[in-house]
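What follows is one structure encoded as C-alpha coordinates, with my remarks underneath.
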Amino acid sequence: MELLVARQPVFDAQMRVFGYEMLYRSSSRNEFDGTEENSATAQVISAVFGSADTEQLIGRKNTFINFPQKMLLDGTASILPPNQTIVEILENVVADEDLLAACRDLRERGYRLALDDFTTSDKVERLIPLADFLKVDFRATTPAQQMDVALRFKGQLQLLAEKVETQEEFRSACEMGYQYFQGYFFARPVIASSRQIPGFKLQFLRILNEIHRPELNFHKLADLLKREPALSYKLLRFVNSAWFGLRAPVESLERALSTIGEDAARKWLAVLTMANLAADHPTELTVSTLVRARFFELLAKEAGLGCLRDDCFLVGMFSRLDAMLGRPLEELVEGLNLHGQIIRTLLDRPRPGDAMPPVWKLVLAYERGDWDTLGAGAPGADVKPQTLTACYAAAVTWADGADLS
17 MELLVARQPV FDAQMRVFGY EMLYRSSSRN EFDGTEENSA TAQVISAVFG
67 SADTEQLIGR KNTFINFPQK MLLDGTASIL PPNQTIVEIL ENVVADEDLL
117 AACRDLRERG YRLALDDFTT SDKVERLIPL ADFLKVDFRA TTPAQQMDVA
167 LRFKGQLQLL AEKVETQEEF RSACEMGYQY FQGYFFARPV IASSRQIPGF
217 KLQFLRILNE IHRPELNFHK LADLLKREPA LSYKLLRFVN SAWFGLRAPV
267 ESLERALSTI GEDAARKWLA VLTMANLAAD HPTELTVSTL VRARFFELLA
317 KEAGLGCLRD DCFLVGMFSR LDAMLGRPLE ELVEGLNLHG QIIRTLLDRP
367 RPGDAMPPVW KLVLAYERGD WDTLGAGAPG ADVKPQTLTA CYAAAVTWAD
417 GADLS
(Lines of atoms letter the chains of each structure in order from A; the text may use other names.)
(Lines give C-alpha, C1' and ligand atoms only; values in the text may rest on other atoms or scores of the structure.)
Protein backbone atom coordinates (compact mmCIF):
# COMPACT_ATOMS: atom_id res chain seq x y z
CA MET A 17 0.00 0.00 0.00
CA GLU A 18 1.30 3.45 -0.90
CA LEU A 19 1.31 5.83 2.05
CA LEU A 20 1.33 9.59 2.50
CA VAL A 21 2.60 10.79 5.89
CA ALA A 22 3.04 14.38 7.06
CA ARG A 23 3.10 16.12 10.42
CA GLN A 24 1.43 19.18 11.93
CA PRO A 25 2.87 20.81 15.07
CA VAL A 26 1.00 21.21 18.35
CA PHE A 27 2.20 24.16 20.47
CA ASP A 28 1.92 25.10 24.10
CA ALA A 29 1.06 28.64 25.23
CA GLN A 30 4.75 29.65 25.06
CA MET A 31 4.80 28.62 21.38
CA ARG A 32 7.04 25.64 22.06
CA VAL A 33 6.38 22.46 20.10
CA PHE A 34 4.58 20.02 22.40
CA GLY A 35 4.23 17.33 19.75
CA TYR A 36 2.99 16.52 16.26
CA GLU A 37 -0.22 15.13 14.88
CA MET A 38 0.48 12.70 12.07
CA LEU A 39 -1.55 13.34 8.93
CA TYR A 40 -1.80 10.31 6.73
CA ARG A 41 -3.73 8.65 3.95
CA SER A 42 -3.43 5.67 1.65
CA SER A 43 -3.14 6.78 -1.95
CA SER A 44 -5.20 3.85 -3.22
CA ARG A 45 -8.34 5.98 -2.91
CA ASN A 46 -9.23 9.38 -1.54
CA GLU A 47 -12.40 8.12 0.13
CA PHE A 48 -12.73 5.14 2.44
CA ASP A 49 -15.47 3.01 3.86
CA GLY A 50 -14.92 1.93 7.46
CA THR A 51 -13.04 -1.29 6.69
CA GLU A 52 -10.56 0.35 4.32
CA GLU A 53 -9.90 3.20 6.75
CA ASN A 54 -9.06 0.81 9.56
CA SER A 55 -6.79 -1.28 7.36
CA ALA A 56 -4.94 1.71 5.94
CA THR A 57 -4.57 3.41 9.29
CA ALA A 58 -3.17 0.28 10.93
CA GLN A 59 -0.49 0.02 8.26
CA VAL A 60 0.39 3.69 8.55
CA ILE A 61 0.72 3.52 12.32
CA SER A 62 3.09 0.61 11.95
CA ALA A 63 5.07 2.58 9.37
CA VAL A 64 5.27 5.73 11.47
CA PHE A 65 7.01 3.94 14.32
CA GLY A 66 8.73 1.17 12.41
CA SER A 67 10.08 2.63 9.15
CA ALA A 68 13.46 4.29 8.78
CA ASP A 69 11.84 7.04 6.71
CA THR A 70 8.79 7.91 8.75
CA GLU A 71 10.45 7.51 12.14
CA GLN A 72 12.43 10.61 11.20
CA LEU A 73 9.20 12.60 11.26
CA ILE A 74 8.55 12.31 14.99
CA GLY A 75 11.85 11.86 16.82
CA ARG A 76 11.08 11.82 20.54
CA LYS A 77 8.13 14.22 20.40
CA ASN A 78 4.61 13.51 21.61
CA THR A 79 2.68 12.04 18.70
CA PHE A 80 -1.07 12.35 18.18
CA ILE A 81 -2.48 9.40 16.20
CA ASN A 82 -6.11 9.11 15.08
CA PHE A 83 -7.91 5.89 16.00
CA PRO A 84 -11.28 4.77 14.61
CA GLN A 85 -13.55 2.54 16.70
CA LYS A 86 -12.43 -0.87 15.40
CA MET A 87 -8.76 -0.12 16.04
CA LEU A 88 -9.51 0.98 19.59
CA LEU A 89 -11.33 -2.29 20.20
CA ASP A 90 -8.73 -4.58 18.62
CA GLY A 91 -5.82 -3.14 20.67
CA THR A 92 -3.80 -1.74 17.78
CA ALA A 93 -2.59 1.17 19.92
CA SER A 94 -0.69 -1.20 22.19
CA ILE A 95 2.00 -1.67 19.52
CA LEU A 96 3.01 1.99 19.94
CA PRO A 97 5.27 3.44 22.67
CA PRO A 98 2.98 4.75 25.45
CA ASN A 99 5.44 7.43 26.58
CA GLN A 100 5.04 9.45 23.38
CA THR A 101 1.74 8.27 21.87
CA ILE A 102 -1.45 10.25 22.42
CA VAL A 103 -4.40 8.18 21.24
CA GLU A 104 -6.79 10.48 19.44
CA ILE A 105 -10.36 9.12 19.55
CA LEU A 106 -12.38 10.14 16.52
CA GLU A 107 -15.66 11.95 17.02
CA ASN A 108 -17.75 9.28 15.26
CA VAL A 109 -17.06 6.49 17.76
CA VAL A 110 -19.87 4.87 19.74
CA ALA A 111 -19.10 5.13 23.45
CA ASP A 112 -20.49 1.74 24.42
CA GLU A 113 -19.26 -0.53 27.22
CA ASP A 114 -16.73 -2.31 24.98
CA LEU A 115 -15.15 0.98 23.92
CA LEU A 116 -15.03 2.25 27.50
CA ALA A 117 -13.27 -0.94 28.58
CA ALA A 118 -10.73 -0.60 25.74
CA CYS A 119 -10.00 2.99 26.72
CA ARG A 120 -9.60 2.08 30.39
CA ASP A 121 -7.10 -0.57 29.35
CA LEU A 122 -5.12 2.00 27.34
CA ARG A 123 -5.04 4.35 30.33
CA GLU A 124 -3.76 1.54 32.55
CA ARG A 125 -0.99 0.86 30.02
CA GLY A 126 0.15 4.50 30.25
CA TYR A 127 -1.39 5.94 27.10
CA ARG A 128 -2.92 9.42 27.07
CA LEU A 129 -6.27 9.87 25.36
CA ALA A 130 -7.59 12.83 23.38
CA LEU A 131 -11.18 13.34 22.26
CA ASP A 132 -11.20 14.79 18.75
CA ASP A 133 -13.62 17.50 17.53
CA PHE A 134 -15.25 17.81 20.94
CA THR A 135 -18.32 20.03 21.36
CA THR A 136 -20.55 20.85 24.32
CA SER A 137 -23.32 18.59 22.99
CA ASP A 138 -20.95 15.74 22.31
CA LYS A 139 -21.95 12.09 22.02
CA VAL A 140 -18.78 10.90 23.73
CA GLU A 141 -19.51 12.40 27.17
CA ARG A 142 -18.99 8.97 28.74
CA LEU A 143 -15.36 9.05 27.61
CA ILE A 144 -14.56 12.36 29.31
CA PRO A 145 -13.48 10.82 32.66
CA LEU A 146 -10.91 8.75 30.73
CA ALA A 147 -9.59 11.58 28.56
CA ASP A 148 -6.49 13.71 29.08
CA PHE A 149 -7.12 16.15 26.21
CA LEU A 150 -10.18 17.70 24.62
CA LYS A 151 -9.63 18.96 21.07
CA VAL A 152 -11.95 21.71 19.87
CA ASP A 153 -12.10 22.57 16.17
CA PHE A 154 -12.05 26.38 15.93
CA ARG A 155 -13.34 26.24 12.35
CA ALA A 156 -16.39 24.13 13.24
CA THR A 157 -17.44 25.80 16.53
CA THR A 158 -18.58 29.26 17.57
CA PRO A 159 -16.73 31.42 20.12
CA ALA A 160 -19.60 30.74 22.54
CA GLN A 161 -19.13 26.98 22.18
CA GLN A 162 -15.37 27.32 22.56
CA MET A 163 -15.86 29.31 25.76
CA ASP A 164 -18.45 26.85 27.07
CA VAL A 165 -15.96 23.96 26.76
CA ALA A 166 -13.30 26.05 28.49
CA LEU A 167 -15.59 26.98 31.38
CA ARG A 168 -16.72 23.38 31.89
CA PHE A 169 -13.38 21.62 31.72
CA LYS A 170 -10.60 24.12 32.45
CA GLY A 171 -8.53 22.72 35.29
CA GLN A 172 -9.88 19.20 34.78
CA LEU A 173 -8.60 18.35 31.30
CA GLN A 174 -5.99 19.73 28.94
CA LEU A 175 -7.74 21.80 26.29
CA LEU A 176 -6.39 21.84 22.74
CA ALA A 177 -7.63 24.36 20.17
CA GLU A 178 -7.18 22.95 16.66
CA LYS A 179 -7.39 24.62 13.25
CA VAL A 180 -6.29 27.90 14.80
CA GLU A 181 -5.45 30.00 11.74
CA THR A 182 -4.69 33.50 13.04
CA GLN A 183 -2.77 35.17 15.86
CA GLU A 184 -6.06 36.68 17.04
CA GLU A 185 -7.58 33.21 17.44
CA PHE A 186 -4.47 32.06 19.27
CA ARG A 187 -4.70 34.95 21.73
CA SER A 188 -8.43 34.40 22.19
CA ALA A 189 -7.93 30.69 22.88
CA CYS A 190 -5.19 31.52 25.41
CA GLU A 191 -7.51 33.93 27.21
CA MET A 192 -10.26 31.31 27.34
CA GLY A 193 -7.89 28.87 29.04
CA TYR A 194 -6.81 26.56 26.22
CA GLN A 195 -3.33 25.18 26.85
CA TYR A 196 -2.39 23.69 23.48
CA PHE A 197 -2.82 24.94 19.93
CA GLN A 198 -2.75 23.36 16.49
CA GLY A 199 -2.96 25.06 13.11
CA TYR A 200 -1.01 27.43 10.91
CA PHE A 201 -1.40 30.58 13.00
CA PHE A 202 2.35 30.59 13.72
CA ALA A 203 3.10 30.84 10.00
CA ARG A 204 0.41 33.35 9.02
CA PRO A 205 1.60 36.92 8.50
CA VAL A 206 0.37 39.66 10.79
CA ILE A 207 0.45 42.61 8.40
CA ALA A 208 0.57 46.15 9.76
CA SER A 209 0.70 48.95 7.19
CA SER A 210 2.58 51.24 9.54
CA ARG A 211 5.05 48.65 10.75
CA GLN A 212 8.67 49.41 9.99
CA ILE A 213 11.15 46.60 9.48
CA PRO A 214 13.76 46.84 12.27
CA GLY A 215 17.22 47.96 11.21
CA PHE A 216 18.94 44.67 11.98
CA LYS A 217 16.41 42.82 9.81
CA LEU A 218 16.98 45.27 6.99
CA GLN A 219 20.64 44.28 7.14
CA PHE A 220 19.69 40.61 6.71
CA LEU A 221 17.49 41.56 3.75
CA ARG A 222 20.50 43.32 2.18
CA ILE A 223 22.48 40.10 2.58
CA LEU A 224 19.66 38.11 0.98
CA ASN A 225 19.55 40.59 -1.87
CA GLU A 226 23.30 40.32 -2.41
CA ILE A 227 23.49 36.52 -2.40
CA HIS A 228 20.89 36.27 -5.14
CA ARG A 229 22.63 38.41 -7.69
CA PRO A 230 23.48 36.47 -10.88
CA GLU A 231 27.19 36.65 -9.97
CA LEU A 232 28.31 36.83 -6.38
CA ASN A 233 30.62 39.68 -5.41
CA PHE A 234 32.55 38.06 -2.56
CA HIS A 235 34.18 41.37 -1.60
CA LYS A 236 30.86 43.19 -1.21
CA LEU A 237 29.24 40.24 0.52
CA ALA A 238 32.13 39.97 2.98
CA ASP A 239 31.73 43.68 3.73
CA LEU A 240 28.06 43.13 4.60
CA LEU A 241 28.90 40.13 6.77
CA LYS A 242 31.44 42.18 8.76
CA ARG A 243 28.49 44.13 10.18
CA GLU A 244 26.94 40.89 11.48
CA PRO A 245 29.47 39.32 13.87
CA ALA A 246 27.29 36.28 14.58
CA LEU A 247 27.01 35.35 10.90
CA SER A 248 30.71 36.02 10.36
CA TYR A 249 31.60 33.71 13.24
CA LYS A 250 29.34 30.94 11.93
CA LEU A 251 30.81 31.22 8.45
CA LEU A 252 34.38 30.94 9.73
CA ARG A 253 33.43 28.09 12.07
CA PHE A 254 31.83 26.26 9.15
CA VAL A 255 34.79 26.71 6.79
CA ASN A 256 37.32 25.71 9.44
CA SER A 257 35.41 22.56 10.41
CA ALA A 258 36.71 19.08 9.71
CA TRP A 259 34.35 18.93 6.75
CA PHE A 260 36.76 20.96 4.60
CA GLY A 261 39.98 19.47 5.98
CA LEU A 262 42.01 22.64 5.45
CA ARG A 263 45.66 22.60 6.46
CA ALA A 264 45.62 26.16 7.77
CA PRO A 265 42.68 28.02 9.32
CA VAL A 266 40.78 30.55 7.20
CA GLU A 267 40.52 33.92 8.92
CA SER A 268 39.28 36.11 6.04
CA LEU A 269 35.54 36.30 5.28
CA GLU A 270 36.22 36.81 1.59
CA ARG A 271 38.48 33.77 1.46
CA ALA A 272 35.93 31.76 3.43
CA LEU A 273 33.27 32.56 0.83
CA SER A 274 35.54 31.62 -2.07
CA THR A 275 36.48 28.39 -0.29
CA ILE A 276 32.93 27.09 -0.06
CA GLY A 277 32.00 28.38 -3.52
CA GLU A 278 29.05 30.31 -4.91
CA ASP A 279 26.37 27.60 -4.71
CA ALA A 280 27.16 26.58 -1.13
CA ALA A 281 27.53 30.22 -0.06
CA ARG A 282 24.09 31.11 -1.42
CA LYS A 283 22.33 28.24 0.30
CA TRP A 284 24.26 28.40 3.59
CA LEU A 285 23.79 32.16 3.98
CA ALA A 286 20.12 31.94 2.94
CA VAL A 287 19.44 29.41 5.71
CA LEU A 288 21.22 31.36 8.45
CA THR A 289 19.86 34.71 7.31
CA MET A 290 16.28 33.44 7.29
CA ALA A 291 16.80 31.93 10.76
CA ASN A 292 17.86 35.35 12.01
CA LEU A 293 14.87 37.03 10.38
CA ALA A 294 12.59 34.63 12.29
CA ALA A 295 14.49 34.96 15.59
CA ASP A 296 11.53 36.64 17.34
CA HIS A 297 9.09 33.95 16.17
CA PRO A 298 8.60 30.32 17.29
CA THR A 299 11.51 28.08 16.30
CA GLU A 300 9.04 25.92 14.41
CA LEU A 301 8.55 28.74 11.90
CA THR A 302 12.20 28.40 10.89
CA VAL A 303 12.12 24.60 10.97
CA SER A 304 8.92 24.32 8.93
CA THR A 305 10.29 26.84 6.41
CA LEU A 306 13.47 24.79 6.03
CA VAL A 307 11.38 21.61 5.64
CA ARG A 308 9.32 23.31 2.94
CA ALA A 309 12.39 24.58 1.07
CA ARG A 310 14.26 21.28 1.19
CA PHE A 311 11.12 19.30 0.31
CA PHE A 312 10.56 21.44 -2.80
CA GLU A 313 14.22 21.09 -3.75
CA LEU A 314 14.18 17.28 -3.42
CA LEU A 315 10.83 16.97 -5.16
CA ALA A 316 12.05 19.11 -8.06
CA LYS A 317 14.54 16.43 -9.06
CA GLU A 318 11.91 13.70 -8.92
CA ALA A 319 9.50 15.82 -10.97
CA GLY A 320 12.00 16.42 -13.76
CA LEU A 321 13.01 19.91 -12.62
CA GLY A 322 16.57 19.09 -11.62
CA CYS A 323 17.93 22.20 -13.33
CA LEU A 324 15.63 24.33 -11.14
CA ARG A 325 16.45 22.70 -7.78
CA ASP A 326 18.21 25.77 -6.37
CA ASP A 327 15.36 28.02 -7.47
CA CYS A 328 12.85 25.67 -5.84
CA PHE A 329 14.82 25.83 -2.59
CA LEU A 330 14.65 29.64 -2.69
CA VAL A 331 10.89 29.63 -3.26
CA GLY A 332 10.44 27.57 -0.10
CA MET A 333 12.82 29.78 1.87
CA PHE A 334 11.14 33.03 0.84
CA SER A 335 7.55 31.80 1.07
CA ARG A 336 7.21 32.87 4.70
CA LEU A 337 9.05 36.17 4.61
CA ASP A 338 5.71 37.90 5.19
CA ALA A 339 5.18 36.00 8.46
CA MET A 340 8.72 36.81 9.60
CA LEU A 341 8.64 40.53 8.77
CA GLY A 342 4.96 41.49 8.99
CA ARG A 343 4.96 42.98 5.49
CA PRO A 344 3.16 41.80 2.32
CA LEU A 345 5.15 39.18 0.43
CA GLU A 346 4.74 41.07 -2.84
CA GLU A 347 6.41 44.12 -1.31
CA LEU A 348 9.29 42.07 0.12
CA VAL A 349 10.21 40.09 -3.00
CA GLU A 350 10.31 43.25 -5.13
CA GLY A 351 13.56 44.22 -3.44
CA LEU A 352 15.32 40.91 -4.02
CA ASN A 353 17.30 39.78 -7.05
CA LEU A 354 14.97 36.94 -7.98
CA HIS A 355 14.14 35.93 -11.51
CA GLY A 356 10.60 36.01 -12.82
CA GLN A 357 9.50 32.40 -12.33
CA ILE A 358 10.55 32.42 -8.66
CA ILE A 359 8.49 35.56 -8.06
CA ARG A 360 5.51 34.26 -10.05
CA THR A 361 5.58 31.00 -8.07
CA LEU A 362 5.78 32.82 -4.74
CA LEU A 363 2.93 35.18 -5.60
CA ASP A 364 0.79 32.50 -7.29
CA ARG A 365 0.86 34.23 -10.66
CA PRO A 366 1.96 31.43 -13.00
CA ARG A 367 2.38 31.88 -16.72
CA PRO A 368 1.90 29.20 -19.37
CA GLY A 369 5.07 27.17 -19.54
CA ASP A 370 6.17 27.81 -15.94
CA ALA A 371 7.32 24.44 -14.60
CA MET A 372 7.66 25.27 -10.89
CA PRO A 373 4.12 26.32 -9.81
CA PRO A 374 2.40 22.91 -10.32
CA VAL A 375 5.03 21.12 -8.21
CA TRP A 376 4.94 23.94 -5.63
CA LYS A 377 1.21 23.28 -5.22
CA LEU A 378 2.04 19.66 -4.40
CA VAL A 379 4.45 20.84 -1.70
CA LEU A 380 1.80 23.03 -0.07
CA ALA A 381 -0.88 20.34 -0.39
CA TYR A 382 1.34 17.71 1.24
CA GLU A 383 2.15 20.09 4.07
CA ARG A 384 -1.57 20.63 4.75
CA GLY A 385 -2.51 16.97 4.35
CA ASP A 386 -4.66 17.92 1.36
CA TRP A 387 -4.65 14.46 -0.18
CA ASP A 388 -7.33 15.29 -2.79
CA THR A 389 -5.05 17.88 -4.41
CA LEU A 390 -2.15 15.45 -4.27
CA GLY A 391 -4.30 12.80 -5.93
CA ALA A 392 -4.75 15.11 -8.92
CA GLY A 393 -0.95 15.35 -9.28
CA ALA A 394 1.10 17.98 -11.08
CA PRO A 395 0.72 18.33 -14.85
CA GLY A 396 3.69 16.76 -16.58
CA ALA A 397 5.15 15.38 -13.34
CA ASP A 398 4.55 11.73 -12.44
CA VAL A 399 5.52 11.70 -8.76
CA LYS A 400 4.62 8.54 -6.87
CA PRO A 401 3.18 8.74 -3.33
CA GLN A 402 6.12 6.86 -1.81
CA THR A 403 8.45 9.39 -3.43
CA LEU A 404 6.54 12.26 -1.83
CA THR A 405 6.80 10.68 1.62
CA ALA A 406 10.49 9.81 1.19
CA CYS A 407 11.34 13.36 0.09
CA TYR A 408 9.29 14.85 2.93
CA ALA A 409 10.94 12.61 5.54
CA ALA A 410 14.39 13.49 4.19
CA ALA A 411 13.51 17.19 4.33
CA VAL A 412 12.36 16.89 7.96
CA THR A 413 15.59 15.14 8.93
CA TRP A 414 17.68 17.79 7.19
CA ALA A 415 15.77 20.70 8.77
CA ASP A 416 15.69 19.21 12.26
CA GLY A 417 19.45 18.70 12.06
CA ALA A 418 20.27 22.19 10.75
CA ASP A 419 22.76 24.04 12.96
CA LEU A 420 21.01 27.35 13.52
CA SER A 421 22.70 28.18 16.80
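The numbers in the working numbering rise by one with no breaks, and the one at position 189 of the sequence shown is 205. Where a beta carbon is used, it is the ideal one built from N, C-alpha and C, also for glycine. Every value quoted in this text rests on a predicted model; they were computed, and no experiment measured them.
For residue 283, there is no enclosing beta strand (DSSP E); the residue is found in the alpha helix (DSSP H) stretching over 269-293. Rounded to the nearest whole angstrom, the CA to CA distance from residue 200 to residue 290 is 19 Å.
Take residue 26, set aside five residues on each side of it, and the residues of its chain with a beta-carbon closer than 8 Å to its own are 33, 34, 35, 36, 37, 78, 80, 176, 196, 197 and 198, in chain order. Assignment of residue 99 by DSSP, reduced to helix, strand and coil, places it in the coil class. Below 8 Å, enough C-beta pairs join the region 317-337 and the region 279-287 to call them touching: three or more. Residue 333 places its beta carbon 8 Å or farther from that of residue 316. In this chain, the alpha helix (DSSP H) harbouring residue 162 covers 159-169. Here DSSP, grouped into helix, strand and coil, assigns residue 23 to strand. Here residue 408 is buried. Its C-beta has 16 or more other C-beta atoms within 10 Å. Cβ-Cβ distances below 7 Å link residue 110 to 85 in the same chain, with the five nearest sequence neighbours on each side left out; the list follows chain order.
Per DSSP, reduced to three states, the secondary structure at residue 152 is strand. Counting only residues of its own chain and dropping the five nearest sequence neighbours on each side, residue 205 has a CB closer than 6 Å to the CB of 338 and 339. In the DSSP annotation of this structure, the continuous segment of the alpha helix (DSSP H) that includes residue 316 starts and ends at 299-318. Residue 34 carries a strand assignment under DSSP once its states are collapsed to helix, strand and coil. With respect to residue 82, residue 132 sits close: the two C-beta atoms are nearer than 8 Å.
Here residue 174 carries a strand assignment [DSSP, helix/strand/coil].
Residue nearest to residue 157 within the set 170, 174, 185 and 172 is 185 (criterion: CA-CA distance). The three-state reading of DSSP puts residue 78 in strand, counting E and B together. DSSP places residue 418 outside both helix and strand once states are collapsed to three, so it counts as coil. Nearest in C-alpha terms to residue 378, of all of 398, 360, 359 and 369, is 398. For residue 134, the secondary structure class from DSSP, reduced to helix, strand or coil, is coil. Judged by DSSP secondary structure, residue 198 falls within the beta strand (DSSP E) whose first and last residues are 196-198. Cβ atoms of residue 134 and residue 150 come within 8 Å of each other, at about 5 Å. Between residue 412 and residue 307, the CB-CB gap stays under 8 Å. Residue 174 counts as buried, since at least 16 other C-beta atoms from the protein chains shown sit within 10 angstroms of its C-beta. 189 is the residue among 120, 144, 353 and 189 whose C-alpha sits nearest the C-alpha of residue 153. The criterion of a C-beta distance shorter than 8 Å is not satisfied by residue 117 and residue 129. Boundaries of the alpha helix (DSSP H) around residue 325: 325-334.
It is roughly 15 Å from the alpha-carbon of residue 121 to the alpha-carbon of residue 101. Cβ contact annotation for residue 220 (same chain, cutoff 6 Å, sequence separation greater than five): 289, 292 and 293, in chain order.
Residue burial is scored here from C-beta neighbours: residue 304 has at least 16 other C-beta atoms within 10 angstroms and is therefore classed as buried.
When DSSP states are grouped into helix, strand and coil, residue 142 belongs to the helix group. Sequence-distant partners of residue 414 (beyond 5 residues in either direction) whose C-beta falls short of 6 Å from its own C-beta, in its chain, are 310. Bounds of the alpha helix (DSSP H) holding residue 184 are 183-192.
If the five residues before and after residue 314 are omitted, its C-beta is found closer than 7 Å to the C-beta atoms of 407, 410 and 411, all from its own chain and listed in chain order.
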